[in-house]
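Novice:
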Amino acid sequence: MTAVTPLTTGRRPPAGGSRSRRGRIGWLFVGPFMAVFALVFLAPIAYSLYLSFFRDQLVGGTSFVGLDNFQRAFEDDQFWAAVGRVVLFLAVQVPVMLGLALLVALALDSGRLYGKSFFRISVFLPYAVPAVVATLMWGFIYGTRFGLVGNINDALGVSLPDPLSPSLVLASIGNIVTWEFIGYNMLIFYSALRVVPKSLYEAAEIDGAGQWRIITAVKIPAIRGALVIATIFSVIGSFQLFNEPSILKSLAPNAITTYFTPNLYTFTLSFSGRQQNYAATVSLVMGVVTMIIAYAVQLRGMRKEA
Amino acid sequence: MRTMTRRAMRGVGLLCAAALSLTACGSSEEAASDKAVSGSDLRAALKEGGSITVWAWEPTLKQVVSDFQKEYPKVKVKLVNAGTGNDQYTALQNAVQAGSGVPDVAQVEYYALGQFALGKSLEDLSRYGADKFKDDYSPGPWNAVTVDEAVYALPMDSGPMALFYNKKVLDKHQIAVPTTWDEYLEAARALHAADPKAYIANDTGDAGFTTSMIWQAGGTPFKNRDTNITVDLTNDKGVTTYTKVWQKLIDEKLLAPISSWSDEWYKGLADGTIATLATGAWMPANFVSGVESASGDWRAAALPQWKKGDEVSSENGGSSLAVMKASKNKDLAYAFNEYANHSEGVQARIEAGAFPATTADLASPTFLDTTFPYFGGQKANEIFARSAAQVPEDWSYLPYQVYANSIFNDSVGKAYVSDTKLADGLKEWQKAAVDYGTEQGFDVNK
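Top to bottom, those sequences are chains A and F. The first sequence begins at 70 in our numbering and counts up by one. The second sequence begins at 30 in our numbering and counts up by one.
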């Protein structure tokens, strides 16, 4: 940057004509990006917004309804029940998952672990399993009749609670998601830990800090950025929960409703209920809610850093 | 067949992009002629030839298509499997909406016909004289393809219900085959007491099954005339008759908590965990392919009655072929449809294992005398054919049954996993159905 500045300041300000030509050339460079950006990022949002102002009925066809859909969304018990469910999921599952991921990352980074590579790949492996496959697999494990839970019940003569019952199914989904994403988050933390200069640890040790003190005073503050990023990803991931409940639904049709999560709800609305307009509205509202919470997490994370 | 009926039973809806497309399509196709087409017109069309596309997942149609093309060499029929049940409906709705890629003929299940007919995407076949076929089809399917005098499809197969039972299991515990639902309840108690691992049936809440039961019990919870709909799942006598018995089965935990078509279900049917299965006559093929190891254990019987001495049955599943309004070659499309479902094609499909909806075939000696090695040599078709003739005629589905079925477990499902009563679950389902109908512009319960 410093090398460039003298060059531009050294010159006379360009004349009007050439400035506009430069502007045009600039747009030529930015143009392709802007076109694709507008097409794949802005257009869908604009289209959703457009859709959300209409209502399409089996009898009567399509009509403009203004903000009716938004009003309906704000009064929709099923939608807010779904939001409540993912918020609860977020509040419980994300801290557990990130805590475990951090623990594993710290363990790997400590250099005191035998078979580090094996351990690292084993923890990461579930992330490589497609969510659909993982959910099906866990679905079999959760089975109380022919699944692992059933086998344990039979072998030990106990009767474990059914993981797919309405009261436990959210926790069971949390378990699947945790299993799937510990490795991913561990990798984020681990790579952040790897770039912390070793000299900091040595300095801390010279100052008489124990391992625990090094973790709390050096390592965790050093990877705060990674923690915030991982948390934001998890917030978004929680709010977009879809695959797991959608697949488990066939195993637990009465425990997982068609409005179990906001995503599942919009899916049902548009593909079973042919209410694309209202589904678009719900998606927009959900997008805003997600943004607010993700932004709050970011603000809070950054404030601590400062 | 298997997947088709699975969809029919589950009724998970995926009807997408419907009305917007349908209204648009209606206006652009208004120009199409409504004049009557005679048999000689059809013969001329067949002679002239052309090509049509058929969207269907029914496997027995493959043979029909090749026979048809042999008979009318100038006609090319392209049979496309565009998905099963709801997947296909989604694709179909999208095609109708886009106004291109719409097939000439499409397979539509009975319970989903209303939704397509209402959207005006199906051709009224009465101008081809299909309205004269009333007596050629058994009452249930015929009733399903006709809406207010219009004939929107020709019945392809049907699912008159029967009770399939594992004879080995019932014999072992000396339980007689129940002939009424009260006896069924008694049998359920006796069986579960004798073997705590065995259940009389599996049920986790299935809209298709529940509505079939209500149908048999003489209920008419759904009525519709044009855009006026009545939904009554609270006071309807069929509903109350059904819930009275079924609530006891649920309360006493006599139903295996296994969803139909799951792996557990097949295992249960094979190992005696599930002792009976009340379902459509299309089931035998599924037994043969999915529950092979229990060959010889199972038998078919008439559906238990709600009132002793009655002879009333019901329908479960089944589908039809419809001619799309957007088809460019409706005459050929209809000619194929009639061939497959009303004339020569029917026999080919029966031979391939389909259960027909045509009364002539249901009454034919060769059909009735067919023995089923799987059922220990039983002439099961006799039972199914009798059942087909005993289906109450006044039943109808909602014009948006696909969606209603898809949200069935949200409300009624609670009865299976909590203290909620079946009647309350059905009441909640009614509310959801009424709300949706009103939202969609119908006059519901007014």
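A virtual CB, placed ideally from N, CA and C, is assigned to each residue, including glycine. All figures in this text were calculated on a predicted structure; none of them were measured in a lab.
Does the separation of the CB atoms of F/LYS105 and F/GLN98 fall below 8 Å?
Specialist: In contact: F/LYS105 and F/GLN98 (Cβ atoms closer than 8 Å).
Novice: Where does F/GLY325 land, buried or exposed, given buried means 16+ other C-beta within 10 angstroms?
Specialist: Looking at its Cβ environment, which holds fewer than 16 other Cβ atoms inside 10 Å, F/GLY325 is exposed.
Novice: Can you grab the Cα-Cα spacing for the pair A/VAL155 / F/PRO225, in whole Å?
Specialist: Each residue's Cα considered, the two are about 38 Å apart.
Novice: Pairing CB atoms from the stretch 308–322 of chain F with CB atoms from the stretch 341–354 of chain F, are three or more of them under 8 Å?
Specialist: As far as the Cβ criterion goes, the stretch 308–322 of chain F touches the stretch 341–354 of chain F, which means the pair count is three or higher.
Novice: Quick check on the DSSP output: the beta strand (DSSP E) that includes F/ARG415 runs from which residue to which?
Specialist: Per DSSP, F/ARG415 belongs to no beta strand (DSSP E); it is in the alpha helix (DSSP H), 409–417.
Novice: Using a threshold of 8 Å, state whether the C-beta atoms of A/GLU313 and A/ILE242 are closer than that.
Specialist: Contact flag set, yes.
Novice: Can you tell me which of F/ASP423, F/ALA364 and F/HIS202 puts its alpha carbon nearest to the alpha carbon of F/ALA73?
Specialist: F/ALA73 has its Cα closest to that of F/ALA364, out of F/ASP423, F/ALA364 and F/HIS202.
Novice: So, for F/ALA219: in the same chain, excluding its five sequence neighbours on each side, which residues have a beta-carbon less than 7 Å away from its beta-carbon?
Specialist: Same-chain partners within the cutoff: HIS202 and ILE204.
Novice: According to DSSP, is A/LEU157 helix, strand or coil?
Specialist: Of the three classes helix, strand and coil, the one that applies to A/LEU157 here is helix, per DSSP.
Novice: Cβ atoms of F/ASP96 and F/GLY374: under 8 Å apart, would you say?
Specialist: Yes; because the gap between Cβ atoms is below 8 Å, this pair is in contact.
Novice: Output yes or no for whether 8 Å exceeds the beta carbon distance between F/ALA362 and F/VAL134.
Specialist: Against a cut-off of 8 Å, the Cβ pair of F/VAL134 and F/ALA362 comes out as a contact.
Novice: Run the CB neighbour count on F/LYS107, radius 10 Å, all protein chains shown included, and call it buried at 16 or more, exposed below.
Specialist: It is exposed - the Cβ of F/LYS107 has fewer than 16 other Cβ atoms within 10 Å.
Novice: Note down, in chain order, all residues in the stretch 444–455 of chain F with a beta-carbon under 7 Å from any beta-carbon belonging to chain A.
Specialist: Under the 7 Å Cβ criterion, the stretch 444–455 of chain F contributes TYR445, VAL446 and SER447.
Novice: Give the range of the alpha helix (DSSP H) segment to which F/TYR194 is assigned.
Specialist: Segment 190–195 is the beta strand (DSSP E) holding F/TYR194; no alpha helix (DSSP H) there.
Novice: When Cβ atoms are compared, which residues of the stretch 414–437 of chain F fall closer than 8 Å to chain A?
Specialist: Within the stretch 414–437 of chain F, the qualifying residues are PRO428, TYR429, VAL431, TYR432, SER435 and ILE436.
Novice: What are the boundary residues of the alpha helix (DSSP H) that includes A/ASP223?
Specialist: First-last of the alpha helix (DSSP H) with A/ASP223: 217–225.
Novice: If the cut is a Cβ gap below 8 Å, which residues of chain F does A/SER319 touch?
Specialist: The contacting residues are SER288 and SER291.
Novice: Compute the distance between the beta-carbons of A/ALA324 and A/VAL238, then report whether it is under 8 Å.
Specialist: In this structure, A/VAL238 lies closer than 8 Å to A/ALA324 by Cβ.
Novice: Hey, is F/THR240's beta-carbon within less than 8 Å of any beta-carbon in chain A?
Specialist: Judged by the 8 Å Cβ criterion, F/THR240 is not in contact with chain A.
Novice: Using the Cα positions of F/GLN136 and A/LEU229, report the straight-line distance between them to the nearest angstrom.
Specialist: The straight-line gap from Cα to Cα measures roughly 45 Å.
Novice: Closest to F/SER129 by CA distance: which of F/ALA330, F/LYS357, F/GLY470 and F/THR270 is it?
Specialist: It is F/LYS357 whose Cα lies nearest to the Cα of F/SER129.
Novice: Evaluate contact between the stretch 166–181 of chain F and the stretch 278–289 of chain F, counting only Cβ atoms and requiring at least three cross-stretch pairs below 8 Å.
Specialist: No: fewer than three Cβ pairs fall under 8 Å.
Novice: Mark A/MET371 as exposed unless 16 or more other C-beta atoms lie within 10 angstroms of its C-beta, in which case mark it buried.
Specialist: So A/MET371 ends up on the exposed side.
Novice: DSSP beta-bridge partners for F/TYR6?
Specialist: Residue 6 of chain F cannot be examined here, being either before or after the span of chain F that is shown, 30 to 475.
Novice: Distance check for F/LYS277 and A/PHE148, CA to CA, integer angstroms please.
Specialist: So the alpha carbons of these two residues sit roughly 33 Å apart.
Novice: Cβ of F/ASN115 within 8 Å of Cβ of F/GLY237?
Specialist: Not closer than 8 Å, so no.
Novice: Return the chain-ordered list of same chain residues with a C-beta closer than 7 Å to the C-beta of F/GLY406, the five sequence neighbours on each side being excluded.
Specialist: The residues are THR400.
Novice: For A/LYS185, I'd like the list of residues in its chain whose CB is within less than 7 Å of its CB, leaving aside the five on either flank, ordered along the chain.
Specialist: Once the five neighbours on either side are set aside, the close Cβ partners of A/LYS185 are LEU177.
Novice: Residues in the same chain with beta-carbon distance under 8 Å from F/PRO385, minus the five sequence neighbours each way, listed in chain order, please.
Specialist: Once the five neighbours on either side are set aside, the close Cβ partners of F/PRO385 are ASP186, SER187, VAL375, ARG378, ILE379, LEU391 and PHE396.
Novice: Find the nearest neighbour of F/VAL431 within the set A/GLY153, A/VAL109 and A/SER341, judged by alpha-carbon distance.
Specialist: Answer by Cα proximity: A/SER341.
Novice: Starting from F/ALA351 and walking both ways along the beta strand (DSSP E), at which residues does that stretch end?
Specialist: Element bounds for F/ALA351: 348–352.
Novice: List, in chain order, every chain F residue whose beta-carbon is nearer than 8 Å to that of A/SER186.
Specialist: Per Cβ cutoff of 8 Å: no residues; A/SER186 is ~37 Å from chain F at best.
Novice: If distances are taken between C-alpha atoms only, which option among F/ASP339, F/TYR271 and F/GLU138 comes closest to F/LEU451?
Specialist: Among F/ASP339, F/TYR271 and F/GLU138, the Cα nearest to that of F/LEU451 belongs to F/TYR271.
Novice: Between which two residues does the beta strand (DSSP E) harbouring A/GLY130 extend?
Specialist: That run of the beta strand (DSSP E) goes 130–133.
Novice: Leaving out five residues before and five after F/ASP418 in sequence, what residues of the same chain have Cβ atoms less than 7 Å from its Cβ?
Specialist: The sequence as given places Ala at residue 418 of chain F; Asp does not occur at that position. Hits under 7 Å: SER167.
Novice: Residue ranges of each alpha helix (DSSP H) run of no fewer than 4 residues wholly in the stretch 278–352 of chain A, ordered along the chain?
Specialist: Fully enclosed alpha helix (DSSP H) runs of 4 or longer: 280–283, 293–308, 312–317 and 331–336.
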